[in-house]
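Presented below is the structure to which this report refers.
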Amino acid sequence: MTSDNRLTFKEMCAKFDVTPRTLRYYEYIELLSPERDGRSRFYHPREVARMKLIMRGRKFGFSLEDIRQWLDMYNSDPQNRAQMEAMIAFADGQMEELQNRRQQIEEAISELQALRDQVAKGL
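Here full-length UniProt numbering is used: the first residue of the sequence shown is 1, the next is one more, and so on.
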């Protein structure tokens, strides 16, 4: 980290284990807005916090557009009841999607285990 609490482009990639292409793409689609000094990019704590939220959103399976809306809600007045309700609905919908995926994965694992056991019996 630079002496003034900024991360360089390379440090940001390393901190979040992302490729330079990914970081540049997040900037291109305006999820991140680093400070520019010539060709160099510097990420202040605000951008680092946004990247944490982006990575969390990706982990939860949100699309980048969903994450953009999530960041917009996060950066606005936290007392806005409508936005808080929207965030709850947003999370509820994604949890349902993740639960459906988990069920599909569990079914696939069971089927694969049965196939594997059947093949193993033939040995």
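Where is the CB? At the ideal position from N, CA and C, for every residue including glycine. All figures in this text were calculated on a predicted structure; none of them were measured in a lab.
Listed in chain order, the non-local C-beta contacts of Ile67 below 8 Å within the same chain comprise Leu31, Leu53, Ile54, Gly57, Arg58, local neighbours out to five positions each way being set aside. Looking at the backbone, the Cα of Asp72 and that of Ala86 are separated by about 12 Å. Under DSSP, the beta-bridge partners assigned to Ser40 are Asp37.
When secondary structure is reduced to three states using DSSP, Leu31 falls in the coil class, being assigned neither helix nor strand. With contacts defined by Cβ atoms closer than 8 Å, Glu47 and Ser33 form a contacting pair. Counting along the chain, the unbroken alpha helix (DSSP H) around Asp72 starts and ends at 64-75.
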